[in-house]
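Under mature numbering (1 follows the signal peptide of the UniProt record, and there is no 0), residues -18 to -1, 1 to 333 are what the sequence shown spells out, in order.
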Amino acid sequence: MAPRSQAVLHAMLALAGTYVLDYLPDERVRQRSNAHYNAAVGLLTKDLREEAEQRPGGGESIVAAIALLNMLDVVSPERRRSKKEVPRWLEGAQVACKVLDVTDPGHRYWHVNNVQPSDARVANTVITSRAVVLALPMTRLNKASSDSTHFQWLLLQSTEENSRKIHGACGCAPRLLHRFALITHLAALIEEEPESIVLPVGADAVAEELNEFRQWSELNRESHSSVEALLRNCDLQLNPQGIVTNKASMTDLTAEAWRLAAIIYLHCRLSRLPRSHPDVVKQMTYLAACIRRMPTSGPLFTAQAPFFPVFLLGLLAVHPDHKLCAEGWFQSVIRTSCRSRMRRYNAFEIG
């Protein structure tokens, strides 16, 4: 994509330069990185005005450039806005979602299964929606901003089976990301129409789907029948520290952590169950069991890392061992030297 889009190329070079500066502080590198950043922003602004980029199936380079600039904002504290302003990464992701809405090829098909998206488009939809969808739980309920129709392109994976395939950019299936947005939207609708007899039926349908939701990957096409079966299988391959050591187990554990997080989110935000409710605690126990078996550094610690599920575990923890599990995971992660280190678990230290 970089050879075809100057905006993507400059954004990529700006991001690379930011990391190079960590290992080789040099004023010339800093200036060149800033020059690439400014060039990327200028070219992106120009591309957003291009009518050709608004056609169905288009806009891939625009969304990719935005994703790279968003990543640059996340890993560069010096570029961040004040806390009173909307973060650039969120604003950028929202713009990218609008581009995906306009260019959604699904509008041209009677059956969405007929859509054959490119790998680049699938990656763009996952990376973009992840930022927006997972920001919704931190905001007030608003049916306009959470409307699941904004994220329909997450379901355009040619087949229902492919919509349950684990994507490397987020660690879970695109369909599961869509369900996070759907849960938020249903919660907003129920808040507006508390007497509705239809909406609770929809909520029950989502809950039933999540309970039976099975994800798969190229590493393991046969998903496990239950979380207990997954944990038993992982226990056969643990190292002396109780951590999984192979890609397949790590991928399965991460995807299951996201599924459990979705169930917990549904229980608490949509069903309004207290965090001490037995159904919530049960899923929290399963989630903690998955987290404890995951490495926090090394070759298996990738972009699939379940930051949001671990955050949710710590935020809602009732039992001390659940909270210790989340804090221990974050502490272990930040001990590894990297850009943009922060005490991410601060939000749930109180209480």
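Backbone N, C-alpha and C define an ideal beta-carbon position, used for all residues, glycine too.
The residue from Ala155, Thr166, Arg62 and Cys216 with its alpha-carbon nearest to that of Ser199 is Ala155. Contact holds between the stretch 183 to 192 and the stretch 247 to 261, because three or more Cβ pairs, one in each stretch, are under 8 Å apart. With a cut-off of 8 Å on Cβ pairs, the stretch 76 to 86 is not in contact with the stretch 55 to 62, counting fewer than three such pairs. With a cutoff of 8 Å on beta-carbon distance, Met266 and Leu295 are scored as near each other.
Taken atom to atom, the span from the alpha-carbon of Val262 to that of Leu201 is near 30 Å. Boundaries of the alpha helix (DSSP H) harbouring Thr166: Pro156 to Glu174, taken from the DSSP string. Under a 10 Å Cβ-count criterion, Gln98 is classified as exposed, with fewer than 16 other Cβ atoms of the shown protein chains found around its own Cβ. Here DSSP, grouped into helix, strand and coil, assigns Asn202 to strand.
Taking the Cα positions, Ala151 is about 32 Å away from Arg10. Here DSSP, grouped into helix, strand and coil, assigns Leu220 to strand. Counting C-beta atoms within 10 angstroms of its own C-beta, His18 has 16 or more neighbours from the protein chains shown and is therefore classed as buried. The stretch 296 to 304 and the stretch 165 to 177 do not touch, with fewer than three beta-carbon pairs separated by less than 8 Å. Our two residues, Leu164 and Asp129, have alpha carbons roughly 7 Å apart in a direct line. Cβ atoms of Arg196 and Arg146 come within 8 Å of each other, at about 7 Å. Residue ranges of uninterrupted alpha helix (DSSP H) with 4 or more members, entirely inside the stretch 6 to 72 and ordered along the chain, are 9 to 30 and 42 to 57. Secondary structure within the stretch 241 to 299: the alpha helix (DSSP H) runs of 4 or more consecutive residues, fully enclosed, are 260 to 274 and 289 to 298 (chain order). Lys229 is bridged by DSSP to nothing; it lacks a bridge partner.
Tyr247 sits buried, since 16 or more C-beta atoms from the chains shown fall within 10 Å of its C-beta. Rounded to the nearest angstrom, the gap between the Cα atoms of Met276 and Met232 is 7 Å. A residue is called buried when at least 16 other Cβ atoms come within 10 angstroms of its Cβ; Asn106 meets this threshold and is buried. Apart from the 5 residues on each side of it in sequence, Ser314 sits with its Cβ closer than 6 Å to the Cβ of Thr278 in its chain, given in chain order.
Restricting attention to Asp234, Glu204 and Arg203, the CA atom closest to the CA of Asp217 is found in Asp234.
Boundaries of the alpha helix (DSSP H) around Gln313: Pro302 to Arg317. By a beta-carbon distance limit of 8 Å, Val226 does not contact Phe162. Their separation comes to about 25 Å. In the DSSP assignment, the residues bridged to Lys147 are Trp198. Rounded to whole angstroms, the Cβ separation of Ile109 and Ala49 is 5 Å, and the two are in contact under 8 Å. Ala126 and Leu6 have their C-alpha atoms spaced approximately 46 Å apart. In the three-state DSSP reduction, Thr110 falls in the helix class (H, G or I). Distance from the CA atom of Ser43 to the CA atom of Met(-7), rounded to whole angstroms, is 12 Å. Ala21 places its beta carbon less than 8 Å from that of His(-9).
In the three-state reduction of the DSSP assignment, Val180 falls in the coil class, being assigned neither a helical nor a strand state. Counting C-beta atoms within 10 angstroms of its own C-beta, Phe289 has fewer than 16 neighbours from the protein chains shown and is therefore classed as exposed. A distance below 7 Å between beta-carbons, with the five flanking residues on each side excluded, links Asn228 to the following residues of its chain, in chain order: Gln219. Nearest Cα to Tyr1 within the set Asn16, Ala(-12) and Val(-11): Asn16. In the three-state reduction of the DSSP assignment, Ala117 falls in the coil class. Leaving aside the five residues that flank His259 on each side, none in its chain has a CB nearer than 6 Å to its CB.
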